[in-house]
Amino acid sequence: MKTRLALSAFFTLLFILSISVAFAQTIAVGHMSAEVVEAVSTSSSVSNNVELNYSSQLMDTEQNSLIAENINLGTVQINAGANLVCNLSIKPATLVDDKGNDFSFNPIASYNGKMETQRVEGSQSIELSGLASLNSNQASGIYRGSYTVVFAFN
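This note's numbering runs 1164 ahead of the 1-based position in the sequence shown.
As structure tokens, this is what we get:
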């Protein structure tokens, strides 16, 4: 009888434990970040074909002396909010012809009469020009190369 009572208690306890419900509480912690995006529009009237005309009579008579010629490349118009800042990064170029002749070209940005490339705020018209360093015996011909202007908006 004791065995029957013990078995009965064991199965009753097993039945009660199998239908019991367990409860738990979980806490989730999350972090959220947001980025506010402002609209920016740009338009460009920058020239990609530049013709340099110079006369050897106007140059210095020394061989291989450098002549710097300023070239107007055009404008880039940026339309943005007043609080938006644009940083400019400009990389120079070396232009080369088919015969291996070359000259250096350094693009320059100016806005509001300042020759700076660090920071532009709000809507601006940025003038791009370039300074070509030519030798006095620079060969005429078609030179190819590229310069890079990066607009980084914050």
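Glycine residues also receive a C-beta, built at the ideal position from the N, C-alpha and C atoms. All values derive from a computational prediction rather than experimental measurement.
Check, Outcome
"Whose CA, out of 1171, 1316 and 1265, lies closest to the CA of residue 1297?", "1265"
"Under the assumption that residue 1319 contacts residue 1287 (Cβ atoms under 8 Å), give the Cβ distance between them as a whole number of angstroms.", "Because the chain spans 1165 through 1318 in this model, residue 1319 falls outside it and cannot be assessed."
"Suppose you measure from the CA of residue 1222 to the CA of residue 1309; what does that come to, to the nearest Å?", "With a pLDDT of 48 at residue 1222, under the threshold of 50, the modelled position of that residue is not reliable, and the figure given next carries that caveat. Straight-line Cα distance between these residues: approximately 26 Å."
"Go ahead and pull the three-state DSSP assignment for residue 1281.", "Because residue 1281 sits at a pLDDT of 48, beneath the cut-off of 50, its placement in the model cannot be relied upon, and the point is left open."
"According to DSSP, simplified to helix, strand and coil, what is residue 1170?", "helix"
"Name the two residues that bound the continuous beta strand (DSSP E) containing residue 1288.", "1288-1299"
"Using a Cβ-Cβ cutoff of less than 7 Å, which residues in the same chain neighbour residue 1205 once the five nearest sequence positions on both sides are dropped?", "1243"
"Which residue or residues does DSSP assign as beta-bridge partners of residue 1234?", "1295"
"Who are the near neighbours of residue 1312 in its chain, counting only those whose CB is closer than 6 Å to its CB and skipping five residues on each side?", "1255"
"Less than 7 Å between C-beta atoms, sequence neighbours within five positions excluded: which residues of the same chain meet that for residue 1259?", "1266, 1267, 1269, 1307, 1308 and 1309"
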